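A short write-up of the structure that comes next.
Numbering (UniProt numbering), first residue to last: 1 to 592.
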């Protein structure tokens, strides 16, 4: 089973996202193309040798709980030990913390190999890195000394504990309580649910980042604080955190999904992170990182399904071309049939576009932290903030669509467990829900990031897109013109919605926000496909053989996206501009 084409990673890093430009910055001065290639080589081999081989076994033998211990197949720990020994857990971190100061762009590319090979096993370090980054940014020196080092070494793993049985995405309603103790710590009581990696025996300790409300805190999200609640305390005693049970999901079955009880024995010891009542802001640092990670996972699971389907289509013999009238002629590989090519081309356009989108997001993280001037850093942050809902959601929708097409390409074999595409689909089906549903992300994008910002960040994005349009060669004039028209359509649509919101019709303006998110995602991915096609045009003249075919594939996938996918935004824009309320006005009783 193939997962990620290494040529795609190299093409995006070097030809599209200008990784060389990062090497000129002081933080990344020790890196170059050679060191990055070595890192990617190691990741690709480690993923193939230690993560991919047990993916199907882990799916078939999900973790179990006997009332005392969680049991996980041994291959998971072996793979994670190899991952940590290679230094990947801390690759992005400062040298002073034992890291390699690798650009986030490269770190995400590294993660792509592991997530595509085995998303369940890759989930443990993914959550740990994100939790460690919160502690590094907002924790005290004592908290960093106690937890950050062991997490970056891979001795401790981490989680984010937000969701409660009565408060899913509505965090304002969370009930978990924190009571100050005499020693400056807090006693945490409450219940959390759907906590990924919340209990296991894969590490020496588990560091939970827990949202809770201090007694007397303001109501709503303004009264939420963030706490470090370790499974084991510094003296080795078990903290008052207990596993209430495992949740059995349709996918990601090897990442434990847990129900946790805090304070069954009187209160779990927690350490306040930062200032009281500002916890949700701190946790959003982890949540936004997780949203980019979810987008990447969705992109590469779709990518893995596409690669499996492509291999299958090239080897599966069935049928003959319509012009072949002689039944005695041998059957052809199904990749020769036009409709199979349609499905494969759609998948290619979705997954390679989604991968480019996610890596663009990580490049914006690098720019927001290391660009030469404050203005450049602020511009990158504004673009990243605007695009984060798109990075999370568009790959989650269209990576999954690629998995659906992969099943279809396999025909009847596609929905059998003898082939990996049904497992990849099940794994990816979780991502439209992970870290905020499509609808929640769409409200964030349209309501807060665009209307709430008066379109300032959107204008910056349009500037970036027009720079690409102006750089397009004559051979891509069709696509450049179409992107310009799409930008104008987005502007017109936002103007209509903005007037409605300003006229005390905010509910009407936001009623179809999910349609706007899909439209916006298509425009952003079209922009990235134009960038990729420009890079392919620049290199194809000097290429030959497989290299030329690879670049030609980029040009053709770009053409497909602009001719088949981008036109879909026109009826979407018309629907949005009409302020249609068909869905919003549907009475409960009318559902039957």
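Each residue gets a CB set at the ideal place from its N, CA and C atoms; glycine is no exception.
Since this is a predicted model, take the numbers as computed values, not measurements.
Determine the DSSP secondary structure at residue i, reduced to helix, strand or coil.
i, result
"residue 391", "helix"
"residue 174", "coil"
"residue 144", "helix"
"residue 542", "coil"
"residue 180", "strand"
"residue 191", "strand"
"residue 332", "coil"
"residue 167", "strand"
"residue 88", "coil"
"residue 559", "helix"
"residue 27", "helix"
"residue 407", "helix"
"residue 440", "helix"
"residue 433", "coil"
"residue 224", "coil"
"residue 554", "helix"
"residue 17", "coil"
"residue 415", "helix"
"residue 499", "helix"
"residue 252", "coil"
Quick one: what's residue i bridged to in DSSP?
i, result
"residue 208", "159, 229"
"residue 242", "261"
"residue 270", "186"
"residue 490", "None, per the DSSP bridge assignment."
"residue 196", "257"
"residue 71", "64"
"residue 213", "177"
"residue 534", "Answer is none; residue 534 lacks a bridge partner."
"residue 247", "257"
Since residue i is in the beta strand (DSSP E), which residue starts that stretch and which ends it?
i, result
"residue 284", "Segment 279-315 is the alpha helix (DSSP H) holding residue 284; no beta strand (DSSP E) there."
Could you check if residue i is buried or exposed, using at least 16 other CB atoms within 10 Å of its CB as the buried criterion?
i, result
"residue 477", "exposed"
"residue 389", "buried"
"residue 133", "buried"
"residue 137", "exposed"
"residue 247", "exposed"
"residue 115", "buried"
"residue 84", "buried"
"residue 497", "buried"
"residue 226", "buried"
"residue 52", "buried"
"residue 492", "exposed"
"residue 366", "buried"
"residue 141", "exposed"
"residue 382", "buried"
"residue 20", "exposed"
"residue 71", "exposed"
"residue 504", "exposed"
"residue 95", "exposed"
"residue 593", "Given a span of 1 to 592 for the chain in the structure shown, any question on residue 593 remains unanswerable."
"residue 538", "exposed"
"residue 125", "buried"
Between which two residues does the alpha helix (DSSP H) containing residue i stretch?
i, result
"residue 93", "Taken as a continuous stretch (DSSP letters only), residue 93 belongs to no alpha helix (DSSP H), as it is neither H nor E."
"residue 466", "456-471"
"residue 106", "104-117"
"residue 149", "149-153"
"residue 428", "421-429"
"residue 585", "Run containing residue 585: none; DSSP gives neither H nor E here."
"residue 370", "338-370"
"residue 9", "6-10"
"residue 41", "33-46"
"residue 571", "569-577"
"residue 445", "Premise fails: residue 445 is in no alpha helix (DSSP H) and is neither H nor E."
"residue 506", "506-510"
From this set, the options, which residue's C-alpha is nearest residue i's C-alpha?
i, options, result
"residue 43", "23, 537, 97, 122", "122"
"residue 396", "357, 253, 364, 13", "357"
"residue 531", "557, 84, 143", "557"
"residue 287", "128, 324, 103", "128"
"residue 524", "333, 334, 160, 468", "468"
"residue 112", "190, 4, 87, 589", "4"
"residue 229", "572, 205, 311, 251", "205"
"residue 212", "279, 553, 314, 345", "279"
"residue 384", "364, 251, 370", "364"
"residue 376", "464, 407, 319, 345", "464"
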